Amino acid sequence: MAIMLRAAGAWTGEGVVAPAEIHVDGARIAWIGRQGERPVPDGATVIELGAHWLLPGLVDAHLHLWGLDLSEPSALWSWTPAYRAARAVSDLGALLDAGITAVRCCGGPLGPSLARAVREGVVPGPHIVAAGEFVCSRAGTWDPAAWPLEWAERTGMFADGPDEIRRRVRERLRQGADFIKIGGSVGEHTDVLRPWGNDPARLRLSYGDDEVAAAVAEAHRNGLRVATHAIGDAAVRQALEAGVDTIEHGHGVTEDTAKRLADSGAWLVPTLSLPALRIERAPPAIAEGWKRHREVQRRSLQIALRQGVRIAAGTDFVGPPFTPLGPSAMELELLVEAGMTPEQALHAGTIGGAAAMGMADRIGRLAPGLEADVIAVPGDPARDIALVRRVGFVMRGGAVWKPLA
Ligand SMILES: [Zn+2]
């Protein structure tokens, strides 16, 4: 089916077209250019978007599709995988409503199955690339150290030593994971914010160098990329030495480490949104820790920009009620507040995210041959980045998900 979109302008990822027209053929973009440059394709449905601007569907390069309510402590034990999956499917709808048409699920057991269900058209949703469950050392990044060890073992995320790490990577492979997520840094044993640390200046490495190297070698041998949760200079440096593909969070680095990151070609996903929301909503004692992270994140983003690090936008959201998946585009506003130009933030939230997902040849830009993941906002987003939170129209894979009201 042919569809023609007409709008006041388009931010394509490669430039600006105004007034803009996109011809969609089936699931793909057939043509983009100025209005009237080409005749309307035979039988095409014309969709007029008036003063709206078109842009590529947004990418959240770091979230977790858990289907959990983190305000409900027993949920992790008492909720069945089926119930959690049903909730996660509802989150996928919220993401599409907000114009997020591709996501990277950076750890969690449901991810690969949700990715399959979307890929096969079983449920609507953004493109998903998924890590499956974390790979984490005992006493490391995501070890809920207050639980009895035998309970924690049931998560299947623990791996100590190169052999057990190889085994976990192979398990993820047979579960259909697209990449491996390992935990590279952890706070003090008694910290409330253990995976991030109460104080970003006092983090430990979760793994020895040989263990990270084993994870990367085994993943790469099997065609999987590796993402590392790395906060603090030592963890980022260790990850880069081992050859990881994406650095998650990545704040607390020196200029020299940021330069190495830029030279390595790895992607950085700064995740400013999680601390921003938690500062607003968490009890004061916990909000203090998040505030410390926010300060370091802002400084680190400026260092990364100076050194030319490749950056993709990601929120680290996990769903309602603490971090609903609808307002995810707030990450782009936060990147601008922290020093990016709106153009750079749009890039991080589209092309950058697509590249971090390994999908830059299919999504992330408005160009002929790419998938027709197209959204519209009420104005030029390069002039006012806040417009990305007012998505009025969403097309995913050539099908209109959200018509203009
Ligand atoms: Zn995360």
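Residue 161 in our numbering sits at position 94 of the sequence shown, and the numbers go up by one each step. Glycine residues also receive a C-beta, built at the ideal position from the N, C-alpha and C atoms. If you're wondering where the values come from, they're calculated on a predicted model, not measured in any experiment.
Nearest CA to the CA of Ala-423: which residue from Trp-120, Ala-197, Ala-155 and Asn-265?
Ala-197
Integer Cβ distance of Leu-72 from Val-441, believed to fall under 8 Å
6 Å
Just to check my reading of the structure: Gly-166 and Gly-192 have Cβ atoms closer than 8 Å, yes? What is that Cβ distance to the nearest angstrom?
Not quite, the Cβ-Cβ distance comes to about 13 Å (not below 8 Å), so this is no contact.
Got a sec? Which residues, its chain only, sit under 7 Å from Arg-359 by beta carbon, not counting five neighbours each side?
Asp-266 and Pro-267
Distance check for Asp-210 and His-256, CA to CA, integer angstroms please.
10 Å
Over the uninterrupted alpha helix (DSSP H) stretch that includes His-90, give me the two end residues.
Note, His-90: premise wrong, no alpha helix (DSSP H); beta strand (DSSP E) at 87–92.
Thinking C-beta only, is Val-293 closer than 8 Å to Ile-247?
yes
Under 8 Å: do the stretch 306–324 and the stretch 335–344 share three or more Cβ pairs, one atom per stretch?
yes
Measuring straight from C-alpha to C-alpha, what distance separates Ala-434 and Arg-365?
33 Å
For Val-467, write down the residues that DSSP places opposite it in a beta bridge.
Met-462
Which same chain residues, not among the five before or five after Asp-109, have their C-beta less than 8 Å away from its C-beta?
Ala-69
Which residue's Cα is closest to the Cα of Leu-372: Ala-354, Ala-301, Leu-344 and Val-320?
Val-320
Please confirm whether any heavy atom of ligand 1 lies closer than 7 Å to the CB of Cys-173.
yes
Consult DSSP for Ser-145 and reduce its assignment to one of helix, strand or coil.
helix
Using only the alpha-carbon positions, how far apart do Thr-390 and Asp-258 sit?
21 Å
Would you list, in sequence order, the uninterrupted beta strand (DSSP E) runs of no fewer than 3 residues that lie entirely inside the stretch 285–367?
292–297, 313–316 and 334–336
Where in the stretch 89–168 do unbroken runs of the beta strand (DSSP E), each at least 3 residues long, occur, reported from the N-terminal end onward?
95–101, 112–115, 120–123 and 125–130
Nearest to Lys-326 (by Cα), restricted to the options Pro-342, Pro-229 and Asp-300:
Asp-300
Are the beta-carbon atoms of Ala-128 and Gly-420 separated by less than 8 Å?
yes
Run of the beta strand (DSSP E) containing Met-477, from where it starts to where it stops:
Only positions 68 to 472 of the chain appear in the structure, and residue 477 is not among them; the question remains open.
Please determine, among Glu-410, Lys-469 and Ile-418, the residue with the shortest C-alpha to C-alpha distance to Ala-453.
Glu-410
Can you check whether the CB of Ala-352 is closer than 8 Å to the CB of Ala-345?
First, the residue type needs correcting, since residue 345 is Arg and not Ala in the sequence shown. No, they are not a contact pair.
Can you give me the start and stop residues for the alpha helix (DSSP H) that Ala-182 sits inside?
178–186
Classify Tyr-274 as buried or exposed, calling it buried when 16 or more other Cβ atoms lie within 10 Å of its own Cβ.
buried
According to DSSP, which residues form a beta bridge with Thr-257?
Paired residues: none, contrary to the question.
Simplified DSSP state of Val-202, which is helix, strand or coil:
strand
On the criterion of 16 or more Cβ atoms from any shown chain inside 10 Å, does Ala-333 qualify as buried, or is it exposed?
buried
Ends of the beta strand (DSSP E) at Ile-232?
Looking at the DSSP string, Ile-232 is not in any beta strand (DSSP E); the run it does join, the alpha helix (DSSP H), is 228–242.
With a Cβ-Cβ cutoff of 8 Å, do Pro-229 and Ala-286 count as a contact?
no
Proximity test, His-129 beta-carbon vs ligand 1 heavy atom, cut-off 7 Å:
yes
Limits of the beta strand (DSSP E) - the one that Ala-197 falls within:
194–197
Neighbour-count burial assignment, Thr-147, 16 or more Cβ in a 10 Å radius:
exposed
Would Arg-463 be called buried (16 or more neighbouring beta carbons within 10 Å of its own) or exposed?
buried
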